[in-house]
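What follows is a short report on a single structure.
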Amino acid sequence: MDFPTLQRNVVQETSVDVCIVGAGWCGIYATKHMVEYGLSCLCVDERSHTGGLWKFDDRKETVSIADFTWTSTPRAFTEASDFPWPADAGYYVHANTLFAWLQDYIDHFGIRDRFRLQHRVIECRKEQDHGRDARWITEVETSDGVRSRFLSKFLVIASGLNHRRVDFRESDRFKGFSGTFLHSSAVKRVVDADGTSMFDGKTVVAYGGGENATDLAYKISGHTDRFFMCVPRGQWMQNRCFLSRRMLWAFSGWNGLFLETMNGRGGSGQTAWTPTSPVYRSFGNKADLIYHALAAGRIIAKRDVAQAQDDIVEFTDGSRTRADIILMCTGFAPDLTILNGRNLKNPRDWYHQCLDVEDPTLRPPGTGLHPAAGRDAMPLYRHGVDESGGAARPRSATRATTDRPNTLGALFSLHKQSPQRARRWPALYEPPWRGSWLALFTASGAPQVRAAGCMEGVVGTRDNPLELRHASAEGGAFQEARRGSVHHFERASSVEPALSAL
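For the sequence shown, position 391 matches number 448 in the numbering used here, and the numbering has no gaps at all.
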C-alpha cells in the first residue's frame with residue numbers, strides 16, 4: 058500500500074468545543090462569537106472560500122448568487138452590530154460588496170485560521186452510550202480524499218437553507234412539457250459576455266412570485282418575445298423604499314391600506330396576483346422594477362398553470378401559449394441528511410424559535426420573524442456606533458427608530474391592533490420615545506436594555522425575554538437580560554462561555 062493511500066485510510070481526530078458546519082454569512086458570525094466567548098471551534102465548508110453562496114460562480118450546478126444580485130433586505134436590518142457596512146454600500150447592498158465585507162469581517166476579528174475549507178461533511182452523529190456527555194462526531198473529507206473527524210460538545214449547522222432545488226418538472230401538470238426547464242438558481246447571467254442572451258426571442262413562462270422571481274422577470278422580459286409570470290397563491294408587493302424608507306411604519310396594518318388604495322389588493326395592480334392572505338401574514342415582495350415591466354407590457358400576469366403538454370402551456374384562466382422555456386422560481390428546501398437521519402422539529406416549535414430544548418447541544422439554522430406576522434414577539438433591531446466629533450454615540454440602525462413622529466404614530470397604530478405586542482417592544486431596548494406621553498401605553502416593568510452600542514440576539518417577549526448580550530460602546534461592559542432581570546458583569550479575558558448554561 059502506497060503512502061497516499063495509507064494517508065487517506067488514516068482518520069485524524071480533532072477535539073474542539075464547537076464544530077460549525079458552513080462558512081457562509083451565518084457560519085462566519087457563529088465562528089466569531091464562539092471565539093469571543095473563549096470556546097475552541099472550527100468551521101468546515103466544502104467550498105474553497107468563505108462567504109458561501111455570496112461569491113459569484115457561473116457553474117449552473119453550483120448554488121450561488123447571480124451577477125445582478127442585491128440584498129432584498131435593507132442594510133439597516135442586515136448590518137452586523139459589531140462591524141458596520143462601508144459608508145458607500147448603499148441602502149440595498151450588492152452581492153460583491155457583501156462578499157468583500159464578509160472577508161473584511163473575518164480579517165478584522167482575526168478568525169481566518171478557524172476555517173477548514175474544501176472539507177465536505179459526510180455526516181454528523183452523536184456518540185452512543187454517553188448520555189448527556191455524548192459528543193458530536195463530524196466526519197469530513199477533503200478535496201484530495203483525506204478523511205478526518207471532529208469531536209465537539211456542540212454542533213452548529215450553518216449550512217443555510219439553499220440545499221435542494223424545489224422543482225415541479227416531474228409533477229403531472231408539467232411532465233408532458235417538451236421545452237426547456239430551468240431552475241431560477243441556474244440563471245447566473247441574463248446577458249452573456251458577447252451581448253447575447255439565451256432568452257432572446259423566446260417565450261418564457263415563470264412559475265413563482267418571490268423576490269428572485271420578480272428580479273429575473275424584469276431582467277429576462279427585456280429579451281424575450283413574450284414573458285408570462287404565474288404566481289399561484291398571489292403575492293403582496295410594494296416598493297423597496299416604501300413611505301420614505303420608514304420601515305417600522307411599513308410594518309403596521311396601514312401598509313395594506315395604502316397598497317390596496319394605490320394598486321388594488323396585493324399592491325401589484327394585477328388581479329391574477331391577488332393574494333389570498335392578509336398583509337404581512339405572508340412574505341412581502343419588495344418588487345419595484347416589475348411595475349415598469351408590467352406597465353410596458355413586457356410581463357403578462359397569470360395565476361397558475363393548469364397543464365403543459367409538448368410546447369403548449371395552458372393556464373387556469375383557460376388561455377394558452379406556446380412556450381420555449383419554463384422557469385421554475387420555486388426556491389429551495391433544506392436538506393439535512395448529514396445528520397444521519399435525525400429529524401429536526403419544526404422551528405416554530407423551538408423555544409423562542411431558535412433553541413431545540415430536546416437537544417440544546419445542536420443549533421440548526423435560525424429563523425426570523427415579522428413583527429406583524431401574528432406572533433407574540435417583536436424584532437430586536439440592531440444598533441451600531443457612529444463616530445461624531447471623536448466621541449462614540451448610539452446610532453439606530455433604522456431610520457424609523459430615530460424618526461420620532463412616525464415612530465410614535467406607528468407604535469400607536471400597533472398598540473390599537475394588539476396592545477400585548479406593542480408592550481413587548483420596550484422590553485428589548487430603550488425606545489426613543491422614553492419619557493413621552495406614549496410611555497403610558499408601553500410601560501411594562503420589563504427590563505430596559507439600553508441601545509448604547511451593539512446588541513446581539515433576535516427576538517424576545519416581555520415575560521420571558523430571550524437571552525441577549527449587549528456590548529457597550531463606552532467600554533468592555535456587558536449587559537445580560539434573562540428571564541425578567543438585568544445583570545451587569547465586566548468583560549474579562551475569559552468570558553463565561555455562552556453555551557455553558559446549556
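Every residue gets a Cβ at the ideal spot worked out from N, C-alpha and C, and that includes glycine.
Just to confirm the assignment, what range does the beta strand (DSSP E) spanning residue i have?
| i | result |
| --- | --- |
| Cys98 | 98-102 |
| Leu208 | 204-214 |
| Lys276 | Unbroken run through Lys276 is the alpha helix (DSSP H), 268-278; no beta strand (DSSP E). |
| His176 | 176-183 |
| Leu110 | It is not in any beta strand (DSSP E) - Leu110 carries neither H nor E in the DSSP assignment. |
| Thr378 | 377-379 |
Going by DSSP, what residues sit across from residue i in a beta bridge?
| i | result |
| --- | --- |
| Asp367 | Phe234 |
| Met286 | Ala263, Ala358 |
| Cys76 | Leu99, Leu212 |
| Met385 | His240, Tyr264 |
| Thr71 | Phe207 |
| Met294 | Asn342 |
| Leu419 | Leu212 |
| Trp193 | Lys183, Ser209 |
| Arg222 | Phe389 |
| Glu198 | Arg177, Arg204 |
| Trp127 | His151 |
| Phe172 | Cys100 |
| Phe140 | Ala137 |
| Phe256 | Answer by DSSP bridge pairing: none, since Phe256 is not bridged. |
Over the uninterrupted alpha helix (DSSP H) stretch that includes residue i, give me the two end residues.
| i | result |
| --- | --- |
| Glu93 | 82-93 |
| Leu155 | 152-165 |
| Arg132 | 132-135 |
| Asp347 | Asp is not the amino acid found at residue 347; the sequence shown has Ile there. Where Ile347 is concerned, the enclosing alpha helix (DSSP H) stretches over 345-352. |
Would residue i and residue j qualify as a contact pair, given that the criterion is a beta-carbon distance under 8 Å?
| i | j | result |
| --- | --- | --- |
| Leu70 | Arg182 | The question names Leu, but residue 70 is Glu in the sequence shown. Cβ atoms of Glu70 and Arg182: not closer than 8 Å. |
| Phe211 | Lys89 | no |
| Met286 | Ala365 | no |
| Cys386 | Tyr264 | yes |
| Val261 | Asp139 | no |
| Glu196 | Glu180 | yes |
| Pro391 | His220 | yes |
| Phe113 | Ala152 | yes |
| Ser129 | Glu268 | yes |
| Trp82 | Gly109 | yes |
| Glu118 | His176 | no |
| Ile194 | Leu174 | no |
| Arg297 | Lys259 | no |
| Ile24 | Ala191 | The first residue shown for the chain is 58 and the last is 559, placing residue 24 beyond what the model contains. |
| Pro289 | Arg360 | yes |
| Gln295 | Gly252 | no |
| Ile356 | Ser278 | yes |
| Ile85 | Thr107 | yes |
| Thr271 | Ile347 | yes |
| Trp293 | Ser254 | no |
| Arg322 | Thr333 | no |
Taking residue i as the reference, which of the options has the closest Cα?
| i | options | result |
| --- | --- | --- |
| Leu155 | Lys210, Ala137, Val73 | Ala137 |
| Gly147 | Asp161, Arg132, Ala157, Gln160 | Arg132 |
| Val203 | Val178, Ile122, Ala380 | Val178 |
| Leu384 | Ala215, Asp186, Phe284 | Phe284 |
| Gly79 | Ser325, Gly188, Gly217 | Gly217 |
| Thr126 | Asp374, Lys245, Arg379 | Lys245 |
| Val248 | Phe231, Thr237, Tyr275, Gly236 | Tyr275 |
| Asp367 | Asp190, Asp201, Ser235, Ile163 | Ser235 |
| Ala243 | Ile395, Phe389, Gly252, Leu159 | Phe389 |
| Ala250 | Tyr149, Thr271, Phe231, Asp115 | Asp115 |
| Pro68 | His187, Thr107, Glu198, Asp161 | First, the residue type needs correcting, since residue 68 is Val and not Pro in the sequence shown. If we check each option's Cα against that of Val68, Glu198 comes out closest. |
| Glu93 | Ser376, Ser105, Val101, Asp74 | Asp74 |
| Gly291 | Asp282, Gln327, Val150 | Gln327 |
| Thr418 | Val213, Gly266, Val120 | Val213 |
| Phe256 | Val120, Thr271, Leu239 | Leu239 |
| Cys100 | Ser72, Asp164, Phe172 | Phe172 |
| Trp111 | Gly375, Ala270, Leu159, Gly233 | Leu159 |
| Ala87 | Ile168, Val120, Val336, Asp416 | Ile168 |
| Ile369 | Val362, Thr378, Ala363 | Thr378 |
| Arg374 | Ala329, Ala144, Leu396 | Arg is not the amino acid found at residue 374; the sequence shown has Asp there. Asp374 has its Cα closest to that of Ala329, out of Ala329, Ala144, Leu396. |
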